[in-house]
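Asker: Throughout the sequence shown, residue numbering follows numbering that gives the first Met the number 0, covering 0 to 321 in sequence.
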Amino acid sequence: MSQPRRTRRHRAWSVLTLPVLLGVLAACSSGPAAGGGDGPAATAKSGSATSASPTPTGPPGTLFDSFRYTGPTDPALTAHGWEIRTGEGGPGIKDSWSDSGASFPADTTAQGGRTLQLQASTDGTQKGTKQVEIQSTGSKLFNGTFAARVYLSDKPAGGKNGDHVVQSYFPISPADDSANYSELDYEYMPNGGWGTPGPQLDTTSWFKADPADRVTKPHKQHFEGWHIMMVTAVDGKATYSIDGKELFTSTGKYVPREKMDVHFSNWFVDLLPSLGGQRTWNLKINWFYYKDAAAVSYADVQKTVDGFYGAGTDFVDTLPKP
0 MSQPRRTRRH
10 RAWSVLTLPV
20 LLGVLAACSS
30 GPAAGGGDGP
40 AATAKSGSAT
50 SASPTPTGPP
60 GTLFDSFRYT
70 GPTDPALTAH
80 GWEIRTGEGG
90 PGIKDSWSDS
100 GASFPADTTA
110 QGGRTLQLQA
120 STDGTQKGTK
130 QVEIQSTGSK
140 LFNGTFAARV
150 YLSDKPAGGK
160 NGDHVVQSYF
170 PISPADDSAN
180 YSELDYEYMP
190 NGGWGTPGPQ
200 LDTTSWFKAD
210 PADRVTKPHK
220 QHFEGWHIMM
230 VTAVDGKATY
240 SIDGKELFTS
250 TGKYVPREKM
260 DVHFSNWFVD
270 LLPSLGGQRT
280 WNLKINWFYY
290 KDAAAVSYAD
300 VQKTVDGFYG
310 AGTDFVDTLP
320 KP
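1) Taking 9 Å as the cut-off, decide whether the C-beta atoms of SER65 and THR312 are in contact.
2) Let me make sure I understand the geometry here. Which of GLU132, THR303, TRP266 has the alpha-carbon closest to that of ILE92?
3) Using 8 Å as the cut-off, can you tell me whether the region 151-171 makes contact with the region 256-263, which would need three or more C-beta pairs spanning the two stretches below that distance?
4) Measure the alpha-carbon distance for ALA75 versus TYR68 and round it to whole angstroms.
5) Relative to the C-alpha of GLN301, which candidate in SER102, GLY88, GLY112, ALA146 has its C-alpha closest?
6) Distance, Cα to Cα, GLU87 vs GLN116?
7) What's the call for LEU318, buried or exposed, on a 16-neighbour Cβ count within 10 Å?
8) For SER152, count neighbouring Cβ atoms within 10 angstroms of its own Cβ and tell me buried if that reaches 16, exposed if not.
9) Express the C-alpha separation of MET228 and GLY127 in angstroms, rounding to a whole number.
10) Does THR107 pass the burial test, meaning 16 or more other C-beta atoms within 10 Å, or should it be called exposed?
11) What first and last residue would you give for the alpha helix (DSSP H) that runs through VAL295?
12) Can you check the region 73-120 for any beta strand (DSSP E) of at least 3 residues that lies completely inside it and give the ranges in chain order?
13) For TRP96, which of THR303, ASP316, SER264, ASP184 has the nearest alpha-carbon?
14) Would you decide whether ALA109 is buried or exposed? Buried here means 16 or more other CB atoms lie within 10 Å of its CB.
15) Can you name, in chain order, every residue of its own chain whose Cβ lies under 6 Å from the Cβ of ASN160, other than the five neighbours on each side?
16) In chain order, which alpha helix (DSSP H) runs of at least 4 residues are fully inside the region 261-311?
17) So for TYR68, helix, strand or coil by DSSP?
18) What would DSSP say about TYR180, mapped onto helix, strand or coil?
19) Check for me: the beta strand (DSSP E) holding ALA174 runs from which residue to which?
20) Could you have a look at TRP205 and say whether DSSP puts it in helix, strand or coil?
Set out below in structure tokens:
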């Protein structure tokens, strides 16, 4: 079941020199404007966002990223509002966060042929465990449609199966002790955790982190493979759906109350040294799309994303500045 994050999350920004950062930001803000309306704006196709055309304009109130970066130190990753966690804290195995598990490989099963891969690894010891998480920055996401194409794994990419791994996708408040704390969780546990057998996907809306105040609905089924995972938070309710099928809706106080960041995280509930050897688990994210203050249907999300890919658009951010 979903657990509160009892240790404050620490953020560690990727380090950029001022000239490099200013150069990247200048590139992202210059160049010709592309078409408006509801259609995507084209950029030149590129193997990485670093060498891509300047950040396009696009539909207002939109964030889209196809994660075409060269690696965790790509300056464009930071310039586009992402960071890979390397700080302390929980959840899972404390102080085991590392950017070494984040990569952007070619993948023939991914739309556009590239993906963000988060690889968590463990040998059953704290020293030999690496968890991995990427998160947006700037706390710009509130009510609207959150959608991501995510690959969930039922078995490790290497080593013996059995770890209590959590593959998660969630918008969350920037501070755990915020008076208006908000969190909307997908947590997939192929082998279960906290004494509960798997497979299990928890959909959970939070009002407070500590003491935990949440509503949740577990789904006892296998979800291995690619899925479009959505949360539509509008009109006083938050609705979770996968591939267009509604799973759970929360209302009342269990809806967003402040602006959030979105996180993708691959971590372990506990250590299982008895399994023996090294194990690696992959969580993959093909793309992320957010539409501010609007409910977008599953079909229209896919249509919009297809349009971005068709135009060669790797990144769009037309959200209001915080």
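Beta carbons: idealized from backbone N, C-alpha and C, even for Gly.
Answerer: Quick look at the numbers:
1) The answer is yes: Cβ separation under 9 Å.
2) TRP266
3) Flag = yes, the region 151-171 and the region 256-263 touch.
4) 7 Å
5) ALA146
6) 21 Å
7) buried
8) Its Cβ being crowded by 16 or more others within 10 Å, SER152 is buried.
9) 31 Å
10) exposed
11) Premise fails: VAL295 is in no alpha helix (DSSP H) and is neither H nor E.
12) 81-83
13) SER264
14) That one is buried.
15) LYS154
16) 297-309
17) coil
18) coil
19) DSSP places ALA174 in no beta strand (DSSP E); its state is neither H nor E.
20) TRP205 falls in the strand class under three-state DSSP.
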